[in-house]
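This report refers to the structure that appears directly beneath it.
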Amino acid sequence: MADTTHTSYPNLNGNGINSSPNGSAAGLKDSIANRPMAQKAKEEANITSTQFSNVANSRRIPDQQTATGQSLTHYHSMFYNILSWENPRVTGIAYASIVAFIFFTRYVPILKYFFKASYTILGIIAAAEIAGKLVFEKGLATQVRPRKYYTLPRESLEAALEDFEQFINFFVIEFQRIVFAENVYATVSAFTAALISYFLVKFVPKWGIALIATSAVFFLPLIYIQNRELIDGQLDNASTMINQQASQVRDLAAQHTGRAGEIAKSTVSQYSAKASELMGQAKDRAASITGQTSPQTTSPPTTSEPTFGAVKKEDFPAAPTATPATIHTAEPVGHGHEEASPQLIPAL
């Protein structure tokens, strides 16, 4: 015996639905669209769209400038809007997208699938073109080829390059602001992150470090926003303590510097007095030695020559007046016939 029991379905629109097929489909659509869950989903979608619009509208150059007087980029405003959780849905979607990309690159061989897809598509195109020319005398790829290849408009390309330039300059400017300590807290945070990464890289893979860094970049600002009063109070206390310690160190250094200056000054005075005393003693000693030995004029040595008094005429003997006699001496025997030389004998 056949079962004649009919299953009754609830009224979906609450107002009754026409039994005709067209009326039932329209009524079902209206009923689904007017349900609370559908209305809630629509509201959530509108909120998400509004937050994305807010982030897009925040891309403007901020009024704040760097310490060197340079203007920032519009990416500073956009990234600040995202990381400050002013639009939490956009921030959450951005974080989830980055995390998904990290895991995707970790577990999916992107290059392998890229090259596989490339040679598969190009092989199919080449085979279809060759088969079409052999069978239909016209290749399939030739038939779907556009009349004019697509090119990038110059305006779009310039806009994209300008936007890319702003994106690169964002990282360049922020790197220099951290290196030159424009914001000390940012420099200390970067130092801490680099130090932790140095130890983590020894046993944590690269994708793990990227995941940790992404989580820190997105959630540390949220923690600060949720506990701003407590964190600011602790930072103020730490700043006050540091200033007090620095003041004490400066005072102590000033005291030690003054004491060292006084000691140096007294030491210099003592040595100056002692040097003056030694110089005075040396002068007195030199004066006493000079008094005991009188100085004598030294003359250059002269050659000793005999000195004669005044020569008078009486000092010479009288000259002889007689004619000297000539004496002839005999020539010795055995000698030659040489004349004997006369000898002069003075007259007595």
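For the sequence shown, the numbering used here begins at 1130 and goes up steadily by one. From the three backbone atoms N, C-alpha and C, an ideal C-beta is built for every residue, glycine too.
_Can you find the residues in the same chain that come closer than 8 Å, C-beta to C-beta, to Ser1165, ignoring five residues on each side of it along the sequence?_
Working through the sequence shown from its first residue, we reach residue 1165 at position 36. Inspection of the sequence shows that residue 1165 is occupied by Pro rather than by Ser. Result list for Pro1165: empty, nothing under 8 Å.
*Around the C-beta of Met1115, are 16 or more other C-beta atoms found within 10 angstroms, so that it is buried, or is it exposed?*
Any answer about residue 1115 is impossible in this case: the structure gives the chain only from 1130 up to 1477.
_Given this structure, state the Cα-to-Cα distance separating Asn1356 from Ala1342, to the nearest angstrom._
Here residue 1356 refers to the residue found at position 227 of the sequence shown. Here residue 1342 refers to the residue found at position 213 of the sequence shown. So the two alpha carbons sit approximately 21 Å from each other.
_Sufficient close CB pairs (3 or more, under 8 Å) joining the stretch 1223 to 1237 to the stretch 1350 to 1368_ = no
*Candidates Lys1169, Gly1337 and Thr1220: closest to Leu1349 by CA position*: What you label residue 1349 is simply residue 220 of the sequence shown in a count that begins at 1. Among Lys1169, Gly1337 and Thr1220, the Cα nearest to that of Leu1349 is on Thr1220.
_By the DSSP assignment, the alpha helix (DSSP H) with Lys1169 in it spans what residues?_
For the purposes of this step, residue 1169 is taken as the residue at position 40 of the sequence shown. Looking at the DSSP string, the run of the alpha helix (DSSP H) that includes Lys1169 is Pro1165 to Asn1186.
*Which residues in the same chain as Lys1267 place their Cβ atom closer than 8 Å to its Cβ, once the five residues preceding and following it in sequence are excluded?*
Within the sequence shown, the letter at position 138 stands for residue 1267. Contacts found: Gly1261.
*Work out the CA separation of Phe1320 and Ala1360 for me, nearest whole Å.*
Within the sequence shown, the letter at position 231 stands for residue 1360. Within the sequence shown, the letter at position 191 stands for residue 1320. The residue you asked about is not Ala; residue 1360 is Ile in the sequence shown. Between Ile1360 and Phe1320, the C-alpha separation is close to 19 Å.
*Nearest-angstrom Cα separation, counted from Ile1392 out to Ala1196*: Position 67 of the sequence shown, counting from 1, holds the residue named residue 1196. Position 263 of the sequence shown, counting from 1, holds the residue named residue 1392. So the alpha carbons of these two residues sit roughly 44 Å apart.
*Roughly how many whole angstroms lie between the Cα atoms of Lys1171 and Val1301?*
Reading the sequence shown from its first residue, position 42 is the one you call residue 1171. Reading the sequence shown from its first residue, position 172 is the one you call residue 1301. Rounded to whole angstroms, Lys1171 to Val1301 spans 41 Å at the Cα level.
*asked:* What does the alpha-carbon distance come out to for the pair Gln1272 and Ile1250?
replied: As a first step, residue 1272 must be located in the sequence shown, where it is residue number 143. As a first step, residue 1250 must be located in the sequence shown, where it is residue number 121. Taking the straight line from one Cα to the other gives about 17 Å.
*Inter-residue spacing [alpha-carbon to alpha-carbon] between Ser1316 and Ala1310*: As a first step, residue 1316 is located in the sequence shown; it is residue number 187 there, counting from the start. As a first step, residue 1310 is located in the sequence shown; it is residue number 181 there, counting from the start. Note that residue 1316 is Thr in the sequence shown here, rather than Ser. In a straight line, the C-alpha of Thr1316 is about 6 Å away from that of Ala1310.
*What is the DSSP secondary structure of Ser1213, counted as helix, strand or coil?*
By 1-based counting over the sequence shown, the position of residue 1213 is 84. In the structure shown, Ser1213 sits in coil (DSSP, three-state: anything other than H, G, I, E or B).
*asked:* Tell me the DSSP secondary structure of Gln1384 in three-state form.
replied: Translated into the one-based positions of the sequence shown, residue 1384 becomes position 255. Gln1384: helix per DSSP, three-state reduction.
*Among the residues of its own chain, which have a CB less than 8 Å from the CB of Gln1194, if the five just before and after it don't count?*
The residue given as residue 1194 occupies position 65 in the sequence shown. If we look at Gln1194 and ignore the five residues flanking it on each side, its Cβ neighbours are Ser1200 and Leu1201.
*Should Tyr1314 be labelled buried (16 or more other beta-carbon atoms within 10 Å of its own) or exposed?*
Stepping through the sequence shown from its first residue, residue 1314 is reached at position 185. Result: exposed.
*Starting from Phe1332 and walking both ways along the alpha helix (DSSP H), at which residues does that stretch end?*
Here residue 1332 is taken as the residue at index 203 of the sequence shown, counted from 1. Per DSSP, Phe1332 belongs to no alpha helix (DSSP H) and is neither H nor E.
*Which first and last residues belong to the alpha helix (DSSP H) in which Leu1251 is found?*
By one-based count along the sequence shown, residue 1251 stands at place 122. Per DSSP, Leu1251 is one residue of the alpha helix (DSSP H) stretching across Ile1239 to Val1264.
*asked:* Between Ser1285 and chain C, is the shortest Cβ-Cβ distance under 8 Å, so that the two count as touching?
replied: The structure shown has no chain C; it contains just one protein chain.
*Does DSSP put Tyr1224 in a helix, a strand or coil?*
Taking the first residue of the sequence shown as position 1, residue 1224 is located at position 95. Here Tyr1224 sits in helix by DSSP.
*Could you spell out the range, first to last residue, of the alpha helix (DSSP H) harbouring Ile1297?*
One-based indexing of the sequence shown puts residue 1297 at position 168. Start and end: Arg1283 to Val1308.
*Cross-strand partners of Gln1194 (DSSP beta bridge)*: Along the sequence shown, one-based indexing puts residue 1194 at 65. DSSP, once it has assigned bridges, lists Ser1200 as partnering Gln1194.
_Same chain, Cβ closer than 7 Å to Phe1265, five either side skipped, listed in chain order_ = Taking the first residue of the sequence shown as 1, we reach residue 1265 at position 136. Contacts found: none.
*Secondary structure of Gly1268, DSSP reduced to three states*: Reading the sequence shown from its first residue, position 139 is the one you call residue 1268. In this structure, Gly1268 counts as coil in the three-state DSSP scheme.
*Report the three-state DSSP secondary structure of Asn1356 (helix, strand or coil).*
In the sequence shown, counting from the first residue as 1, residue 1356 sits at position 227. In this structure, Asn1356 counts as coil in the three-state DSSP scheme.
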